[in-house]
Structure formats: structure tokens, C-alpha cells
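Report on the structure given below.
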Amino acid sequence: MSTPDAPVSLRRRLALRGLDGTTLLIAPALLFLLAVFVYPFLYGLWLSFAPKAGPWFSNYAAFFSDPFQYNTIWTTLALALPVTVISLLVAIPVAFRVRLMRRQRLLTTILVLPITLGTVLIAQGLLNYLGPQGWFSRTLMFLHLTGGPVRLTHNYWGVFASILITGFPFTFLLTLSYVTGIDPALEQAGATLGASAWQRFRHIFLPLLVPGLAISFLLSFVQSFAVFPSAVLVGAPAGPTRVISIAAYQAAFEKYDYSMASAIAMIMAAVQLVVVVLVLAGRNMFYRGSTSGGKG
Amino acid sequence: MPPPTSSLRTILSRDKVSFIVHSASSPFQQIRLDRVSRAFGSFNALREVSLDIGRGEFIALLGPSGCGKSTALNCIAGLLAITGGAISLDDRRIDELKPEDRGFGMVFQNYALFPHMKVRDNVGFGLKMRGVPRADADRRIDAALELVRLGNQGDKLPGQLSGGQQQRVAIARAIVIEPALVLMDEPLSNLDAKLRLEMRAEIRRIHNQLGATTIYVTHDQDEALSLADRVVVMRDGQIRQVGRPEELYDSPASLDVAEFMGFRNRIAGTVTAIDNGRATIAVGDARLVGRAGAGLGPGDAAMLVARPDDLALAAAGLGATVESVEYRGREFVGLARTGDDSELVFHSDTRLDTGATVTLAPDPARALVFRAAS
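Chains A and B, in that order, give the protein sequences. Heads up, the first sequence is in this note's numbering, so the first residue is 423 and it goes up one at a time. Heads up, the second sequence is in this note's numbering, so the first residue is 863 and it goes up one at a time.
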């Protein structure tokens, strides 16, 4: 038995700092993270600064001096940003409607189905449906709304539609969880205080949703920014939809320049990071506490 | 919606409230519920509820959970559509109006304060929606905060306040718009016992100062009896009795209401005689006397009900065995079981031993005898 004056055991001191047997439970996740994220990232970073020829920064210099390369940043942003904004703008009203429905689960299941389909199947479907001889184009021609075939594949719009379809369920589910997380009594209180439906959205829901929407935006954006398969399958990978991941792919597997490919991957990460930091900084300007109206 | 008139009545009061928002935005003499019903699928939450409420009255809707009292309140507020009947202010139907067009103030059970707005902005929300000019709004917010004694808390967020303070913000927010009618949905149920008593007094004080008509929903009979001018007892979606608190307390009209008013002891028997408003019932060999309810005749199966305070040791009465005794200061409260296995709670001036046999009789002037539910 220890006397009251005896020093506290090491085990107790560690436990007080939150280190005990349970801490070991994070070990598998930590190992996994080190093996598949931290190590490859650091290796890639090192690789990007070890070019085939020239000084250590020559990969980056090459990328930013060639419009064919650095324009991929704008091409990718021009796809990822509008798709993300549109899926959010569509997800919000749908989530507001679904929130009030009793058979939420059925509708949610239908909306989430595209996630399970995979990019290739969706690309296949889009080629059939939106292609120049697809139903969409033929319907428009049949209705004499257009003179000739409408081309919506193998260009910007094909990729746009593909990312929107695969990304929307994800954005929607996240948005729905944020929307349903807001105490319905807040809206009722707003109504009894004389706020119209739009005013309730503008002054009550929106400010409380902004932090959640920012997270939905980021997750959806990062997903869209990494677009690769659909840019190749339903896009025009040589020109209008030559996204940054295609540039990295070509460097790695067509020119076998892993160093350059790593540099492009790093640039890709940096662009995403800039957007993430900007959005999170904007999010900090809003209220981020509880979204319930009080106790109970 | 009528334009908000800011008729601020200057009053010098003990509470340092220099001027008080006075209920005049939409003056009415009477709000009438005419056979109001609300069904949820096949479940009837409200069944043909009719009630007239006069201007300035404090009405409590009292009943157990699920009795329809909150449904009634939400129907009046416009948060729930009614499925039958009509609600009118004087001669104007309001049941088709949206909640935002009714102009009633409502206080919610969980307060429903906007968590992202400062206390001042919460209180001023209704004024902002009405387009009240900034300076006028500021003055009215100050007055309302002063009225609920939160004058110096305006710049905090709701999350930084205690439960009692949050509830007062909710009240200030509801009354600052000068509603003709204030609706309160169990506003004290999330507070601890001591705070509940304090806030109860506050709510009554505010009602007296403003004179706005108030409908207050509660399941707590103490709250209803102490606050209201009239209490409406509800059960199963229907109104069972309406009356002043003392009427309900002394003379509940039915067995249900009596039970809800604290008549815990139920003794079944047969009426042997009715004399001068007093009914005598036979329970085995014992004869017990209480005030006769309506429609009672000799030979009827009856139920005598009595509060624990009104059941005591007596020379003649019902025999029972004491099961437990608690000391409550001043007196003892005993639990006894009769021969036919019904429990009786009674008061005693002396300590009794567990297992002792006692003879209990109700106070004939306070116990009630109803026809037994068949």
C-alpha cells in the first residue's frame, strides 16, 4: 500500500494525460495512415524535388512555364467548382423537402443509388443517353427544338454531368444530415415571430447551415477535383477536359517521368489545400455552435 | 396583418420598467375555439374542443401527456392545421392564416432560441421581421429585457445563459412584438424545482403588467392552479372541465378530473343513502360519507375519492393495515392496504407502526362520491 505522500505511479500519471490501455486501440489506424498516406506523401514530395535533369525545382518550373500543363489547373477548377456549387444548390432544397417527409428512407435510397453504380457504368449510360444519337438528342430533334444532333458527350458537358451524377448523392446525404440536425422548433419560433418561409431560411436556417455546407462543399469539391475516369471516358482528354490528374497520369505512365508526375500531384494537392483553407477561413466567420434552441 | 402600432404606455413601476410594451397590436375581445378537431391519421388528438377566452385572461390547459393540450396550442398558433371546426378572433376566422400572419407570441418548451444570435437579436427578431425602425426596436428590446430582468445580458449568446435566463429571453422575445395572445407550451418543464417556482411568479407578474391574454399549457396541476384565472382540464383530446382553480380543486366534476386534482384515494362501494348533498356508501361493513356527485342514487355502484390530507384515523371507518410511514415534518404520511387490496394514502399526527391495523375515514365535507365508471 502506498502512503499518501508516495509519488503517483507512472501509470496513473499517464492515465491522467489520457494515455492508457485504450490508447493502443488507435494503433492500427495510425499504422495504416502512416503506411498509405504519410509515407507515400513524403516520398512523393521528395521525388518531386529530384527531377530527371536540372536543378531541384525544375519540375515545378517546367509545369508553370508550359500553358499545356498549367492550364490543367483552370480546366479542373472550371469543372470542380461549378459542379460542387450546383450540387449544393440542388441538394439544399431537396433536403429541405425530404426533411418533412415520412417515407424519407425510400427517397434517400433512390437518390443514393448513383453512388453504387460506379463511374464507368454512368459514363456508359451517358454515352448512350446524351450522345449525338442518344435519346436526349433525338427527342430534341423529334420535337424540332434543335436542327441537328446535340453533342453533350466527349466534351466539357459530358464530364460535368458525370461528376454531378456521381457526386450529388454524397453532397445530398451530407446536406440532409445538417438540415435535419437543426431543431424544428427554431423554424416554428421564427414563424410565430412573423418570419415568412424565405426569411426563416435566410435568417435562421442558412446561418446555422453554413458551417455544415462548407464541409459538404469541401468534401464534394475534393472529390470532383480528382476527376479522372469520366474526364477520359465521356470527356475530351486531349483538350477541353484535360484535367490535372490526366497531366499527372501522362507524366507517369506515358513519359515514365515519376518525378514530374509527383510534382504535378503536389501541385494538385496545393490547389486543393488553398481552396480548403479559403473555405474554412470563411466558415470561421460564422456561428459554429449547437444548432438546438435550448435545453431538452 | 395589422400594422404594428407601438403604443408604449409609460408606467412608473416598482420594477424600474420605465415603459412597457402594451398589448395593443391586434386588440380583440374574445378568442373562440368552435368544435376544433385535429386528427393524425386515424388518431384524434383533439375532438371537437370548444372554448371561449376573454381578453386579458390567463388560461391554463392542464392534462396528462397525450391529452391534446399541446396540439390545441399548436393549432391556435397555426403550427398545426386543424382538421375540423373553427378558430376565430372576435368575428374573424384565423384558422386558415399562416403562423407568421397571426401575430401571436409563443414560448416553447425547449425555448427555441436562435443559437447564432445574441440575446438582443433574438428578442428583436420579431421586430426586425415587422420592419420596425432600428431606434424604436432598440427601445422596445431594452424594455422587454428589463421586464424579464435581463437588462445587462443582451450581448451574450443564448448558449452562455443558464436555463432560467434562456427561458426569460424566450418570454421577452414572445412579448416584445406586443402580441394580443401569448402562448406558452410547458415553459417551465426543463427547469429545476426552485427555478420553476421563481419563474412561475415571474410569468404571473409579467402577465399582470402587460395584460396580454395568455394560454399556458402544463401537466403540472400546481402550476395551473397557481397561475391561471381559469383552468381547462383535458383528457383524450377533449375538455373535461373548465373552471376557476378553486372550483376545480374543491369540486372536480368527474372521476378523471378528481384524480388529476390529487384525489389519490379511491374507495369503491355502494350508495346506501343520499341526504342533503352527502352520500353514504357501504364498503363491506364500513359506512363512509362524502359529497354526492351529480346523478347519484341509492343502490348505485359508486367510487369515493379523497386527497391524502382528507383521509385520517377515525373511530369508525375502513379497516386497513399500515405498510409504510414517512415523516414529512409537521405530520406523518402513511400507506395502508385494505382487505380488498386497495392502497390508501393518509395523514396522521402520530407515528404508526408498520403492520398496525388502523381505521380510516374521509372528511365528509371534502371527499367526493361519483358514480362508478361502468
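Glycine included, every Cβ here is placed at the ideal spot set by N, Cα and C.
Using a Cβ-Cβ cut-off of 6 Å (strictly less than) and excluding sequence neighbours within five positions of residue i, which residues of its own chain qualify?
i        : result
S880(B)  : Residue confidence for S880(B) is low, a pLDDT of 32 falling below 50, so the modelled location carries little weight; the figure read from the coordinates is stated next. Closer than 6 Å at the Cβ level, and outside the excluded window around S880(B), lies no residue.
P571(A)  : P554, S559
I893(B)  : I915, L951
A1228(B) : Note that residue 1228(B) is Arg in the sequence shown, not Ala. Excluding residues within five positions, the ones whose Cβ falls inside 6 Å are D1172.
G986(B)  : A999, I1003
A1144(B) : G1131, T1132, T1134
F463(A)  : none
R439(A)  : none
T531(A)  : none
Which same chain residues end up closer than 7 Å to residue i when comparing Cβ atoms and leaving out the 5 residues on each side of it in sequence?
i        : result
G718(A)  : In this prediction, G718(A) has a pLDDT of 42, which is less than 50 and means its spatial position is unreliable; nothing more can be read from the coordinates.
P629(A)  : F708, Y709
P1226(B) : R1140, V1151, G1152
V1220(B) : L1175, A1182, V1184, A1198, L1214
L640(A)  : V698, V701
S684(A)  : G466, L469, S470
Please list the partners that residue i has in chain B, where partner means a Cβ-to-Cβ separation under 9 Å.
i       : result
A607(A) : F970, Q971, N972, Y973, A974
L630(A) : F976, P977, H978
I508(A) : The premise fails here: I508(A) is roughly 26 Å from chain B at the closest Cβ pair, so nothing lies under 9 Å.
Y709(A) : P977, H978, M979, L1019
Run through chain B and tell me which residues come within less than 7 Å of residue i, C-beta to C-beta.
i       : result
T713(A) : P977
S618(A) : E962
Take residue i as the anchor and find which of the options has the nearest alpha-carbon.
i        : options                                : result
L539(A)  : L510(A), V505(A), T588(A), G580(A)     : T588(A)
R1106(B) : V1093(B), S1088(B), Q1083(B)           : V1093(B)
L895(B)  : G946(B), L1222(B), F1125(B), L1009(B)  : G946(B)
H625(A)  : A636(A), A613(A), G634(A)              : A613(A)
R1102(B) : L1173(B), G925(B), G1026(B), V1038(B)  : G925(B)
I1068(B) : R1058(B), I1033(B), S1024(B), R1199(B) : I1033(B)
D1239(B) : I949(B), A943(B), R1149(B), A1055(B)   : Chain B is shown only over 863 to 1236; residue 1239(B) falls outside these bounds and no answer can be derived.
L1089(B) : A1063(B), F902(B), G1131(B), D1047(B)  : A1063(B)
Q645(A)  : F486(A), L501(A), R439(A)              : L501(A)
G1026(B) : R1002(B), A1055(B), A999(B)            : A1055(B)
D605(A)  : P504(A), T531(A), R521(A), F590(A)     : R521(A)
G556(A)  : F490(A), T498(A), G580(A)              : G580(A)
R917(B)  : P889(B), G930(B), S904(B), S927(B)     : P889(B)
T1077(B) : T1200(B), N1014(B), E919(B), G1179(B)  : For clarity, residue 1077(B) is Ile in the given sequence; the question names Thr instead. Taking only the C-alpha atoms, the option nearest I1077(B) is E919(B).
P1114(B) : R900(B), V1231(B), R909(B), S912(B)    : V1231(B)
V911(B)  : S932(B), R996(B), G903(B), Q891(B)     : S932(B)
T663(A)  : S584(A), R435(A), T593(A), R519(A)     : S584(A)
T575(A)  : L562(A), A658(A), S431(A)              : A658(A)
To which residues of the same chain is residue i closer than 8 Å at the C-beta, ignoring the five residues directly before and after it?
i        : result
A861(B)  : For chain B, the structure presents residues 863 to 1236; residue 861(B) sits outside this window and is missing.
I1037(B) : V883, G967, A1006, L1009, V1044, I1068, L1072, A1074
Q1083(B) : L924, F1122, M1123, G1124
Who are residue i's beta bridge partners in DSSP?
i        : result
R900(B)  : L908(B)
P1224(B) : L1173(B)
T1216(B) : Per DSSP, none; premise fails for T1216(B).
T1080(B) : L924(B)
A1130(B) : M1165(B)
I1101(B) : M1096(B)
D1047(B) : V1079(B)
S1210(B) : F1194(B)
L1230(B) : R1153(B), V1167(B)
S950(B)  : R894(B), R955(B)
R664(A)  : DSSP lists no partner for R664(A).
D1137(B) : R1140(B)
I915(B)  : I893(B)
S1204(B) : Bridge partners of S1204(B): none, in fact.
A1148(B) : V1145(B)
A1182(B) : T1200(B), V1220(B)
List, in order along the chain, the chain A residues whose C-beta lies closer than 7 Å to that of residue i?
i       : result
M991(B) : L615, G616, A617, Q621
If we define contact as Cβ-Cβ less than 9 Å, is residue i a contact residue for chain D?
i        : result
R1035(B) : Given the protein chain composition of this structure (A and B), no chain D is represented.
Closer than 8 Å by beta-carbon distance: list the chain A residues that pair up with residue i, in chain order.
i        : result
I1039(B) : L615, G616
L941(B)  : Q610, A613, T614
Since residue i meets chain B, which of its residues come closer than 8 Å, beta carbon to beta carbon?
i       : result
I626(A) : F976
If the cut is a Cβ gap below 9 Å, which residues of chain A does residue i touch?
i       : result
G967(B) : T614, L615
F987(B) : A611, G612, L615, G616, A617, H625, I626
Start-end ranges of the alpha helix (DSSP H) lying completely within the stretch 954-1035 of chain B, minimum 4 residues: 961-964, 981-991, 996-1009
Along the chain, which unbroken stretches of the alpha helix (DSSP H) at least 4 residues long are found entirely within the stretch 546-598 of chain A? Here the runs fully enclosed are 557-564.
4 or more residues per run - each alpha helix (DSSP H) lying fully within the stretch 464-498 of chain A: Listed in chain order, the complete alpha helix (DSSP H) runs (minimum 4 residues) inside the stretch 464-498 of chain A are 480-487.
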